[in-house]
Amino acid sequence: MPRRALVTGVTGQDGSYLTEQLLARGYEVHGVIRRSSSFNTERLDHLYRDPHEESTRLRLHHGDICDSGRMAKLLYELQPHEMYHLAAQSHVRVSFDIPEYTLDATGLGTIRLLESIRKVGVETRFYQASSSEMYGATPPPQREDSPFHPRSPYGVAKVAAFWTAVNYRESYGMFCCNGIMFNHESPRRGETFVTRKITRALARVYAGLQEKLYLGNLDARRDWGYTPDYTDAMWQMLQHDDPGDFVIATGESHSVREFLDLAARHLGLDWESFVEIDERYFRPAEVHDLCGDASKARRELGWKPTVTFEDLVRMMVEADVDLLEDELAGRTVRLTS
Ligand code: NAP
Ligand code: G4F
Numbered sequence: 004m005p006r007r008a009l010v011t012g013v014t015g016q017d018g019s020y021l022t023e024q025l026l027a028r029g030y031e032v033h034g035v036i037r038r039s040s041s042f043n044t045e046r047l048d049h050l051y052r053d054p055h056e057e058s059t060r061l062r063l064h065h066g067d068i069c070d071s072g073r074m075a076k077l078l079y080e081l082q083p084h085e086m087y088h089l090a091a092q093s094h095v096r097v098s099f100d101i102p103e104y105t106l107d108a109t110g111l112g113t114i115r116l117l118e119s120i121r122k123v124g125v126e127t128r129f130y131q132a133s134s135s136e137m138y139g140a141t142p143p144p145q146r147e148d149s150p151f152h153p154r155s156p157y158g159v160a161k162v163a164a165f166w167t168a169v170n171y172r173e174s175y176g177m178f179c180c181n182g183i184m185f186n187h188e189s190p191r192r193g194e195t196f197v198t199r200k201i202t203r204a205l206a207r208v209y210a211g212l213q214e215k216l217y218l219g220n221l222d223a224r225r226d227w228g229y230t231p232d233y234t235d236a237m238w239q240m241l242q243h244d245d246p247g248d249f250v251i252a253t254g255e256s257h258s259v260r261e262f263l264d265l266a267a268r269h270l271g272l273d274w275e276s277f278v279e280i281d282e283r284y285f286r287p288a289e290v291h292d293l294c295g296d297a298s299k300a301r302r303e304l305g306w307k308p309t310v311t312f313e314d315l316v317r318m319m320v321e322a323d324v325d326l327l328e329d330e331l332a333g334r335t336v337r338l339t340s
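Under the working numbering, the first residue of the sequence shown carries the number 4, and numbering increases by one thereafter.
Structure (structure tokens):
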């Protein structure tokens, strides 16, 4: 029998890469998707097969992490061996506009799932998508034992979820792991996060379709890695003998300005002639500098990043140039990178 994984947030950036990797490892993957008035499975289309095909190992189920009854039913019916909880309102700037919903989905969502697992009595290993945003104002390098000082409703919600996972591990002996993931990016990154916003806009400027790009704080520094490396780390955590919490990061930080500069140079563009600062993209409180120390993951999981900052920027720029060319030519776009 194949191992069964239940993935929340399966339609997101991380969910799509994780699903690809789990299927390649022989898993049966069950993904939770929200009902939407338009298709929201674009990142999974290349993996999806007609459910009538018996051999299909990817199944999608409607659900919402704000609906504990539904999640408990899915857990009971599917009895997953592993559960990857990736669903969240994941946008930091947006969390200042919708703090209550963010706390509900991103924070309470984890309690709902762990309480359902406990009450239904499912034997499963649980992965919590924790975030470097929890460190907030704590200066780098940030490690597992660095204090949390969140600077956004999103960060506060992730701290609550982090401690919930630790608490269920300590109280009930459940196999819960926190991946404290630093920023990870890819051609599938959501279009409103700064890296993708930049690479997508540069492709359009390069093609003569866009004149201006409005950005916020160019001085913020982030530790940016390549997403498939990070989703692989999630799986590795759940295969480890003992549950634990792991920082996953490259150990190198760069400013938004450096990302922009490198991306623009790749296309021979002078960004200073078309980038403008719009205060709308500033945050009420900023996280200025994130740079993680992933020594524990290297030591205990044998994990290390495989893609450099320069290669990541180049890959994202080229993917957005190709995507735009396909769109303009009216070709069907398949997300494979
Ligand atoms: P993402 O692309 O924004 O994906 C978020 C996923 O959550 C989407 O599938 C979304 O569904 C789903 N979702 C949101 N609210 C939901 C709800 N109420 N019920 C069910 N599903 C819901 O995020 P990501 O970059 O893949 O990140 C995955 C997880 O890792 C998130 O928890 C994020 O906070 C965390 N994280 C990410 C990073 C990073 O750099 N990417 C770093 C640290 C931690 P729709 O498609 O329907 O919107
Ligand atoms: O790309 P961002 O929106 O990512 P942020 O806030 O670091 O959050 C991401 O990483 C977290 C891990 O640390 C995840 F937990 C979270 O789910 C998400 O994936 O912003 C990065 C930086 C910020 O300092 C922001 O102020 O870029 C700065 N920035 C400058 N101009 C901008 C913009 N960010 C956005 N989104 N849009 C701008 O125009």
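For each residue, glycine too, the CB sits at the ideal point set by N, CA and C.
Practice task
Please confirm whether any heavy atom of the ligand G4F lies closer than 7 Å to the CB of K215.
Solution key: no
Handout entry: C-alpha gap between G65 and F196, whole angstroms
Key = Rather than Gly, the amino acid found at residue 65 in this sequence is His. Rounded to the nearest angstrom, the two C-alpha atoms are 26 Å apart.
Problem - Any heavy atom of the ligand GTP nearer than 5 Å to the CB - residues listed - result: Absence of the ligand GTP from the depicted structure is noted, with the ligand NAP and the ligand G4F being the only ligands included.
Problem - Nearest candidate by alpha-carbon position, reference S174, set P144, E118 and L216 - result: E118
Handout entry: CB contact flag (G139, G158, <8 Å)
Key = yes
Practice task
State yes or no: is the C-beta of R37 nearer than 7 Å to some heavy atom of the ligand NAP?
Solution key: yes
Exercise for the section: Starting from E31, trace the beta strand (DSSP E) both ways and give me its first and last residue. Expected result: E31 to I36
Practice task
May I ask you to report which of helix, strand or coil DSSP gives T11?
Solution key: strand
Problem - Under 8 Å between C-beta atoms of K122 and A164 - result: no
Problem - beta strand (DSSP E) runs contained entirely in the segment 234-311, provided each spans 3 or more residues - result: 248-251 and 278-280
Handout entry: Which residues DSSP lists as bridging N186, in chain order
Key = None, per the DSSP bridge assignment.
Problem - E56 - DSSP class collapsed to helix/strand/coil - result: coil
Exercise for the section: Determine, using beta carbons only, whether Y233 and M184 come nearer to each other than 8 Å. Expected result: yes
Handout entry: Residue range of the beta strand (DSSP E) that includes A132
Key = R128 to S134
Exercise for the section: Return the CA-CA distance between L78 and P246, expressed in angstroms with no decimal places. Expected result: 20 Å
Practice task
Classify M86 as helix, strand or coil using the three-state DSSP reduction.
Solution key: strand
Exercise for the section: Look at the Cβ atom of H88, then the Cβ atom of T127, and state whether they are nearer than 8 Å. Expected result: no
Problem - Spatial distance of R203 from Q213 (CA atoms) - result: 10 Å
Exercise for the section: For the segment 43-63 and the segment 92-100, state whether three or more C-beta atom pairs, one from each stretch, are separated by less than 8 Å. Expected result: no
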